[in-house]
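In my numbering, the protein residues as written are 701 to 1183.
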């Protein structure tokens, strides 16, 4: 029994090693079968070619996709919707002025302009659409309009980019020998010079210093179809705002209490050349102010042809003080002379051409009288020759006075007359054969508030005193009729 047990113990290990050999054989067999179906190796060159082909295909698809994305057909709706969106970011990125993108303030002004006036936006939209159509035909197309859509560089160095380009608006402010003129630029007043200002569209202020009155004119610059130069000049009859320094009176002060006597209570009171913003009528209702003895008082009166200012009057403690503007505004002297010369020219031409429609400076009864003179030439079959070689104005005779609800302007002088008539179909006389005669004449003009101009109702011989102590002679011989 013990012997069998030993033998059994010795046999068991051998039986346990059998499965290991079997597993090994199976693994070897499986390995051989795997090797039997293994794919052949792909050459490296072929792999690179395959990768390049795929990359090229993706690039081509991407290129044409991006090209389509950046085409004018796709960009135009984006640009138009961007302009209409009125977003500052779009404006500063896509609008170019003077070669660079506009800033935030410029963008805000354009946006406010489009919000205030829809027609301006519609006009710009129309221009941009027309530009886009032309750019489809020619990528280098550039409109002549001052605001336009045009090609502007490349995106990624490959695709055309498009921007809205704004040209500067050209402004010329004409200088006036009698009136100092300035323009407000970048917050500072700048004396105007004989140049064209190139400006961004916007609101600008022009100041005129006329007869110690500072007047302000606000102008708005925006685009129209053509890039014409905008011209601004001083006009005495234009509606300007007073822009002198303001210093309000202390109406609670008892420093002084007095009344101002003046011809127009709507005149504005100035104290020491500063605007109180009170009319004389308003001032006279006050019980007291801080005006002191020695202060200089002036009044500014708005006339139909502009503002006029009085001479300064020193307050010396009186209870009533006379401060008033003169009706005879010396600035209108040049107007009187110019209208008179125009009247004389029309008188000669209307008779020389037998056309009463040329009489534009006259109203009745002058117009009626002159028209009858033309009619008489026609009815009597006669021709007119000659005219007025010169007019000598007596500057001291110039005056303006109230005339009903308007005003009358007068100027007189010496008129040299050299004229005659002769029968039709006859040989006209030579001017040298006509003896000149001098007449003392006067010209009355009435101001038309609607037309804002002066028209003569009476002119010709005058009984007023006309002197030669202060004269101006004007040669008008070039307007004479010679046959």
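Glycine included, each C-beta is placed from N, C-alpha and C at the ideal position. Values in this document were obtained by computation on a predicted structure and should not be read as measured data.
DSSP places residue 901 outside both helix and strand once states are collapsed to three, so it counts as coil.
Within the segment 816 to 890, the complete alpha helix (DSSP H) segments of 4 residues or longer fall at 818 to 837, listed in chain order. In the DSSP annotation of this structure, the continuous segment of the alpha helix (DSSP H) that includes residue 788 starts and ends at 788 to 794.
Taking the Cα positions, residue 1064 is about 8 Å away from residue 1158.
Pairing residue 1010 with residue 1026, the inter-Cα distance amounts to about 7 Å. Closest option to residue 1088, judged by alpha-carbon separation, among 1097, 1048 and 1095: 1048. Beta bridge pairing from DSSP links residue 1090 with 1116 and 1175. The way I'd put it, the segment 1004 to 1019 doesn't touch the segment 1060 to 1078; fewer than three beta-carbon pairs between them come closer than 8 Å. The segment 980 to 993 makes contact with the segment 955 to 964, as at least three CB pairs between them are under 8 Å. Taking a contact to require three or more Cβ pairs closer than 8 Å, the segment 1049 to 1057 and the segment 1068 to 1078 qualify as touching. A contact is defined here as three or more CB-CB pairs under 8 Å, and the segment 1097 to 1104 fails this definition with respect to the segment 1122 to 1131. Burial is judged here by how many other beta carbons sit within 10 angstroms of a residue's own beta carbon; residue 946 has fewer than 16 and is exposed. In the DSSP assignment, residue 999 forms a beta bridge with 969. Counting only residues of its own chain and dropping the five nearest sequence neighbours on each side, residue 970 has a CB closer than 8 Å to the CB of 944, 976, 997, 998, 999, 1000 and 1009. According to the DSSP assignment, residue 1143 belongs to no alpha helix (DSSP H) but to the beta strand (DSSP E) extending over 1137 to 1148.
Secondary structure note for residue 1156: its beta strand (DSSP E) is the uninterrupted segment 1153 to 1161. The residue from 829, 868 and 835 with its alpha-carbon nearest to that of residue 852 is 835. For residue 934, same chain residues with a beta-carbon under 8 Å away, outside a window of 5 residues either side, are 874, 876, 879, 881, 908 and 910 in chain order.
Look at residue 1127 here: in three-state DSSP terms it is coil, with no helix or strand label.
Apart from sequence neighbours up to five positions away, no residue of its chain approaches residue 777 with a beta-carbon distance below 8 Å. By the Cβ-count criterion, residue 832 is buried, with 16 or more other Cβ atoms from all chains shown falling within 10 Å of its own Cβ.
Pairing residue 1076 with residue 1116 gives a Cβ-Cβ distance that is not under 7 Å. Within 10 angstroms of the beta-carbon of residue 1040 lie 16 or more other beta-carbons, which makes it buried. In this chain, residue 960 is not harboured by any alpha helix (DSSP H); it is covered by the beta strand (DSSP E) spanning 959 to 961. Per DSSP, residue 1132 lies in no alpha helix (DSSP H) segment and is marked neither H nor E. Secondary structure of residue 922 (DSSP, three-state): coil.
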